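Q: For the sequence shown, our numbering assigns the number 644 to the last residue and increments by one with no breaks.
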Amino acid sequence: MPIDKLTYLGNRIRTARKDCHLTQQELADQCGLAVKTIQDIEKGRKNATYETLAQIIERLGISANTLFPSKISVDNEATQRYIGKFQACSQENQKILLATLDFLAEQLLREYKF
């Protein structure tokens with residue numbers, strides 16, 4: 531993976547980590563990794579393994595698609611972000627989120643029907 535892609539990946543992980551209000555040490559501890567590993571990934575100095583990325587993605591509640599450069603639209607990026615947050619929830623909370631989403635969608639569809 532060229533360094534520019536590693537830097538992009540690291541920046542995305544750093545942003546997601548900060549969005550979760552976690553320090554590098556906290557993320558490392560929660561993922562069972564060394565803080566140096568998180569630092570090196572965020573700086574684009576280290577190519578993370580699949581297992582390491584999976585741990586980070588799960589803890590941060592993000593979709594893997596958000597970590598890699600693509601030509602997806604902003605709407606799709608937002609969708610992927612919410613999918614990641616959804617997947618990070620317990621099954622019970624996923625049921626609550628789906629019920630809430632169904633309710634809101636029905637309300638909006640009724641309101642904007644012609």
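By construction, the Cβ of each residue, glycine as well, lies at the ideal position given by its N, Cα and C atoms.
None of the values given here were measured: they were computed from a predicted structure.
(1) Please state if the CB of T582 and the CB of L563 are separated by a distance shorter than 8 angstroms.
(2) Does the Cβ-Cβ distance between T579 and R542 come in under 8 angstroms?
(3) Measure the alpha-carbon distance for S593 versus D549 and round it to whole angstroms.
(4) Enumerate in chain order the residues of its own chain whose CB-to-CB distance from Y612 is below 8 angstroms, with the five nearest sequence positions on each side excluded.
(5) Considering only their Cβ atoms, is the gap separating R547 from L590 smaller than 8 angstroms?
(6) Decide if E636 is buried, meaning its Cβ has at least 16 other Cβ atoms within 10 Å, or exposed.
(7) Would you grab the beta carbon distance between I571 and G540 for me? Rounded to a whole angstrom, and I think it's under 8 angstroms.
A: In short:
(1) Locating residue 563 in the sequence shown gives position 33, counting from the first residue. Locating residue 582 in the sequence shown gives position 52, counting from the first residue. In terms of Cβ geometry, L563 and T582 form a close pair [threshold 8 angstroms].
(2) The residue given as residue 579 occupies position 49 in the sequence shown. The residue given as residue 542 occupies position 12 in the sequence shown. No. Outside cutoff.
(3) For the purposes of this step, residue 593 is taken as residue 63 along the sequence shown, with counting starting at 1. For the purposes of this step, residue 549 is taken as residue 19 along the sequence shown, with counting starting at 1. Cα-Cα distance, rounded: 14 angstroms.
(4) Position 82 of the sequence shown holds residue 612. Closer than 8 angstroms at Cβ, skipping near neighbours: no residue.
(5) Start at 1 with the first residue of the sequence shown, and residue 590 comes out as number 60. Start at 1 with the first residue of the sequence shown, and residue 547 comes out as number 17. Note that the C-beta distance between L590 and R547 is below 8 angstroms.
(6) What you label residue 636 is simply residue 106 of the sequence shown in a count that begins at 1. Here E636 is exposed: its Cβ has fewer than 16 other Cβ atoms, across all protein chains shown, within 10 Å.
(7) In the sequence shown, residue 571 corresponds to position 41, counting from 1. In the sequence shown, residue 540 corresponds to position 10, counting from 1. About 5 angstroms; that satisfies the 8 angstroms criterion.
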